[in-house]
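Engineer:
Residue numbers (the numbering used here), protein chains in the order written: chain A, 1 to 364; chain B, 365 to 909.
(1) Less than 7 Å between C-beta atoms, sequence neighbours within five positions excluded: which residues of the same chain meet that for residue 199(A)?
(2) Is the segment 479-493 of chain B close to the segment 526-535 of chain B, with three or more CB pairs under 8 Å?
(3) Return the CA-CA distance between residue 987(B) and residue 891(B), expressed in angstroms with no decimal places.
(4) Does the CB of residue 95(A) have a neighbour CB from chain B at under 8 Å?
(5) Against chain A, with Cβ distances strictly below 8 Å, would residue 466(B) count as a contact?
(6) For residue 82(A), does the count of other Cβ atoms within 10 angstroms reach 16, so buried, or fall short, so exposed?
(7) If the cut is a Cβ gap below 9 Å, which residues of chain B does residue 81(A) touch?
(8) Going by beta-carbon coordinates alone, are residue 768(B) and residue 717(B) separated by less than 8 Å?
(9) Less than 8 Å between CB atoms is the rule here; does residue 367(A) satisfy it with respect to chain B?
(10) Note down, in chain order, every chain A residue with its Cβ under 8 Å from the Cβ of residue 508(B).
(11) Helix, strand or coil for residue 905(B) per DSSP?
(12) Near residue 329(A), which residues of its chain fall below 7 Å by C-beta distance, leaving aside the five closest residues on each side in sequence?
(13) At 8 Å on the CB atoms, spell out the chain B contacts of residue 204(A), in chain order.
(14) Beta-carbon separation of residue 588(B) and residue 190(A) under 8 Å?
(15) Could you pull the DSSP bridge partners for residue 788(B) from this structure?
(16) At a Cβ threshold of 8 Å, is residue 394(B) touching chain A?
(17) Taking DSSP as the reference, what is the three-state secondary structure of residue 193(A)?
(18) Using a Cβ-Cβ distance cut-off of 8 Å, determine whether residue 818(B) contacts chain A.
(19) Pull up the CB-CB distance for residue 474(B) and residue 563(B), whole angstroms please, since I reckon it's below 8 Å.
(20) Report the three-state DSSP secondary structure of residue 755(B) (helix, strand or coil).
(21) Out of 679(B), 482(B), 828(B) and 668(B), which one is the CA nearest neighbour of residue 800(B)?
(22) Leaving out five residues on either side along the sequence, give the residues of the same chain with a beta carbon under 8 Å from the beta carbon of residue 260(A).
(23) What does a CB cutoff of less than 7 Å around residue 843(B) pick up in its chain, not counting 5 residues either side in sequence?
(24) If you drop the 5 nearest sequence neighbours on each side, which residues of the same chain put their C-beta closer than 7 Å to that of residue 327(A)?
(25) With the cut-off set at 8 Å, would you say residue 569(B) and residue 454(B) are in Cβ contact?
(26) Roughly how many whole angstroms lie between the Cα atoms of residue 777(B) and residue 725(B)?
(27) Can you pull out the residues from the segment 576-590 of chain B whose beta carbon lies closer than 7 Å to at least one beta carbon of chain A?
(28) Taking CB distances under 8 Å as the criterion, tell me whether residue 861(B) reaches chain A.
(29) For residue 37(A) and residue 681(B), I'd like the C-alpha separation in whole angstroms.
(30) With DSSP collapsed to three states, give me the class of residue 50(A).
(31) Excluding sequence positions up to five away, which residues of its chain have a Cβ less than 6 Å from the Cβ of residue 272(A)?
(32) What does the alpha-carbon distance come out to for the pair residue 308(A) and residue 298(A)?
(33) Closer than 7 Å by beta-carbon distance: list the chain B residues that pair up with residue 116(A), in chain order.
(34) My output table needs one value for residue 643(B): the three-state DSSP class, helix, strand or coil.
(35) For residue 672(B), which option in 508(B), 482(B) and 774(B) has the closest C-alpha, if you only look at C-alpha atoms?
(36) Which same chain residues, not among the five before or five after residue 40(A), have their C-beta less than 8 Å away from its C-beta?
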């Protein structure tokens, strides 16, 4: 009976070791072994285009500092883990199945108690020191030349406003590299959470509050990072995504200039783009009740601003690549694509859908 | 010492009388068994929900259940496991064994005790009746307003609120009963600082329940008012504050973690000394560390709110308190190791589960310290890293403790021994399945996978971890099946356990298994700790003690 128990111990220790090694291997494979995807490589062909997210591959000054802190605490935790679990397992092995008379009859030892109270306390104060340092570094006040952006949570998409640039967009936060971005978070309905793992720790958007975070992207070239709502906000919480597109300064300036243009006047349109324009402004389709297009009469404030929707990489809260096919799919049945989202639309005929898709795609 | 009552063969009663007897009982042992049965039923139910959740997430873009059903599942899984399984199951165990352990004939207030159980029963009934109305709670077990303040959009939250009210009352009455029983009904000669560690843990836990639960009741009452009576406690449009909910809710719900783990820690202390054949090392330090955890436990709630944009000072306070709470926890772990050190360890199923509880809880504690570091929390909060952490604490800690308690005390309750081999198989399958389920979730979280998502897109590197997790979940289910098979197999075989099968030290083992009505023919008189060992001159007889 005794040997049966110890044999099982060995078997399971080996199994657990295999599982642990396998898990660590999987971690390395996923975080290191796979190539990054860049924006050029993917859209519009891929169904889903964000880079593989990872807090271990920081792309901003702030996320880098947090990653350092994480690594440090993980290392300390690993040491404590090995020491304490090792001691525990050693004790179990050493004293298992001994004759009962050999059990020591002791009740305690004050010096030992003091030692194992003090030792963890010291480790914890070290961790606390680094915590305080990192905390003040990554959420300190942003520099004066920071790019100010407002991120507004809606069920189930993110709106981005650039107050100084007079830009309103949705689903994609476009920022220049190496300049601090200060994001002010608000919500129009329920609580949401704003997080892009490579760039910044999450902050909630809370109705009635303006919360803030900052990040300074340090990546090279044109890069896109995935983000997602992290505070449960209703049926489609899982599909409330966004991306942060980091651009070289010149490209960013060009993007700003383009975003500041209003949409083309209807006189300049022709063909099915013009037909799509007419469908959009047909009161029976009710598009303008929710959507705004700068330079036109559409001034709805409920759904995303569509002035430059054709120039975005994603649709529908970041879940569809922006292609005419996906746009048509969305217009045909938004509740089928993303059940529970707030877009309600009457059944349109295929010609109208194609026209609308053509018009919206033209809004670059 | 107490005499063992002769086994009386009860005349067989008609079924209806038998049922009426159980429904109207005020016997603490019967109420204990009712609790355990109800809690185990909900454990199975919540486990099945977990399996559906894990199946849905096994790979990217799976659509086993639609988004609304999924959101209901994780809400009911969490709510059930916390409020209908882990919190009350310790009241179930304590109901059965606490009066026995202190040499009492029943709880202080037997009728209040019955009320506690029936409130819990109706708590579960109200919550699950939502399935018959098609309005299942669906906003997570935390139910943050303003989302939940809209009664038209989320009608199911009313079932959640009313269920929690009943469960909260059940918990409160139970706490009062345990406190009074422990303070007033101890056997002659048993000082307060000599009670078995499980009794002490239940005493501290009960004070936490008494202090924390009213806050939850306040919070859900205000939420009910916001939903139906036009108030705006949590609605900024009417001058309210959504963060008020988070503060009130976590003021109860973080201590609730300790309400779920302290009794497990008490049980582990009992089991370790019994199966190490030596007294608990540092009884006073273990006892007072529980008090430390209980007091500190009420000053860490805002570590659930590091992402709401609080000031540096507020975050620093709560981070510091969170880290400090690791110190009394560490004291327990080191004293447990010292209890085993130099012992003669009997690796029976209760002992395996107790050791398993310690090893897994250490992992949960370490990830807890990581999450207590505010900037790390900003990255890891609301991801699967937190899901992994909380399951290492509540499954690795509490549920392993619960199974240790089942293997330890079932022979006392039923009179028959559980099969040892099946118990060992149960343990190893559960340990492997548990780690396979929850360890990869740490990594999924580090890779940015948020919690409470019904599906995820491919190409994010999350599939491998989720698949491992799903396989592990089914291994856990298998291990629970082994436990159930073990119970019925052992019941059929019915190998008598005798009064004290583990040669343990506390008074519940001084009476027959199962104990007769009113437990002791004569109330035992004790002088000091571990009375049954003191009686024979040490845990292993006269061996130089």
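C-beta: ideal position from N, C-alpha, C; glycine also. Source: prediction; values computed, not measured.
Structural biologist: If we stick to the structure as given:
(1) Within the first chain, the letter at position 199 stands for residue 199(A). The residues are 59, 60, 63, 215, 217, 225 and 244.
(2) yes
(3) Shown here, chain B extends from 365 to 909; a query on residue 987(B) therefore has no answer.
(4) Counted from its first residue, the first chain places residue 95(A) at position 95. Yes, contact with chain B.
(5) Residue numbering aside, residue 466(B) sits at position 102 when the second chain is read from its first letter. Cβ-Cβ to chain A under 8 Å: no for residue 466(B).
(6) What you label residue 82(A) is simply residue 82 of the first chain in a count that begins at 1. It counts as exposed.
(7) Taking the first chain and counting its residues from 1, one reaches residue 81(A) at position 81. Residues of chain B passing the Cβ test: 726, 727 and 730.
(8) As a first step, residue 768(B) is located in the second chain; it is residue number 404 there, counting from the start. As a first step, residue 717(B) is located in the second chain; it is residue number 353 there, counting from the start. In contact: residue 768(B) and residue 717(B) (Cβ atoms closer than 8 Å).
(9) Chain A is shown from 1 up to 364; residue 367(A) falls before or after that span and cannot be answered.
(10) By 1-based counting over the second chain, the position of residue 508(B) is 144. Within chain A, the residues near residue 508(B) are 190, 191, 231 and 232.
(11) Here residue 905(B) refers to the residue found at position 541 when the second chain is read from its first residue. Residue state, collapsed to three classes: strand.
(12) Against the first chain, residue 329(A) aligns to sequence position 329. For residue 329(A), where only same-chain residues beyond five positions count, the Cβ hits under 7 Å are 337.
(13) For the purposes of this step, residue 204(A) is taken as residue 204 along the first chain, with counting starting at 1. Those within 8 Å of residue 204(A) in chain B are 671, 672 and 673.
(14) As a working note, residue 588(B) is residue 224 in the second chain. As a working note, residue 190(A) is residue 190 in the first chain. Taking 8 Å as the Cβ cut-off, residue 588(B) and residue 190(A) do not qualify as a contacting pair.
(15) The residue given as residue 788(B) occupies position 424 in the second chain. Note: residue 788(B) sits in no beta bridge, so no partner.
(16) For this step, residue 394(B) is matched to residue 30 along the second chain. Chain A contact via Cβ: absent.
(17) Against the first chain, residue 193(A) aligns to sequence position 193. In this structure, residue 193(A) counts as strand in the three-state DSSP scheme.
(18) Counting from 1 along the second chain, the entry for residue 818(B) is found at position 454. Cβ-Cβ to chain A under 8 Å: yes for residue 818(B).
(19) In the second chain, counting from the first residue as 1, residue 474(B) sits at position 110. In the second chain, counting from the first residue as 1, residue 563(B) sits at position 199. That pair is no contact at about 18 Å.
(20) On the second chain, residue 755(B) is found 391 positions in, with the first residue counted as 1. In this structure, residue 755(B) counts as helix in the three-state DSSP scheme.
(21) Along the second chain, read from residue 1 onward, the residue named residue 800(B) stands at position 436. Residue 828(B) is the option with its Cα nearest to residue 800(B).
(22) To locate residue 260(A), count along the first chain from 1; it is residue 260. Correct list, in chain order: 165, 166 and 167.
(23) Residue 843(B) sits at position 479 when you count from the first residue of the second chain. Within the same chain, residue 843(B) has close Cβ partners 790, 793, 794 and 797.
(24) Counting from one through the first chain, the residue named residue 327(A) turns up at place 327. The answer, listed in chain order, is 315, 357, 360 and 361.
(25) Locating residue 569(B) in the second chain gives position 205, where the first residue counts as 1. Locating residue 454(B) in the second chain gives position 90, where the first residue counts as 1. Their beta carbons are under 8 Å apart, which means residue 569(B) touches residue 454(B) by this criterion.
(26) What you label residue 777(B) is simply residue 413 of the second chain in a count that begins at 1. What you label residue 725(B) is simply residue 361 of the second chain in a count that begins at 1. Whole-angstrom Cα-Cα distance: 27 Å.
(27) none
(28) Residue numbering aside, residue 861(B) sits at position 497 when the second chain is read from its first letter. Output row for residue 861(B): interface = no.
(29) Locating residue 37(A) in the first chain gives position 37, where the first residue counts as 1. Locating residue 681(B) in the second chain gives position 317, where the first residue counts as 1. Because residue 37(A) sits at a pLDDT of 42, beneath the cut-off of 50, its placement in the model cannot be relied upon, and the following sentence gives the value as read from the coordinates. Each residue's Cα considered, the two are about 41 Å apart.
(30) Your numbering for residue 50(A) matches position 50 in the first chain. Its pLDDT being 48, under 50, residue 50(A) is placed unreliably in this model, and the value from its coordinates should be taken loosely. In this structure, residue 50(A) counts as coil in the three-state DSSP scheme.
(31) As a position in the first chain, residue 272(A) is number 272, starting the count at 1. Hits under 6 Å: 355 and 358.
(32) In the first chain, residue 308(A) corresponds to position 308, counting from 1. In the first chain, residue 298(A) corresponds to position 298, counting from 1. Rounded to whole angstroms, residue 308(A) to residue 298(A) spans 13 Å at the Cα level.
(33) In the first chain, counting from the first residue as 1, residue 116(A) sits at position 116. Within chain B, the residues near residue 116(A) are 694, 695 and 698.
(34) Locating residue 643(B) in the second chain gives position 279, counting from the first residue. Correct three-state label for residue 643(B): coil.
(35) Against the second chain, residue 672(B) aligns to sequence position 308. Comparing Cα-Cα distances from residue 672(B) to each of 508(B), 482(B) and 774(B), the minimum goes to 508(B).
(36) Walking along the first chain from the start, residue 40(A) turns up at place 40. Residue placement at residue 40(A) cannot be trusted, given a pLDDT of 39 that sits under 50; what the coordinates show is reported in the next sentence. So the list reads 222, once near-sequence residues are dropped.
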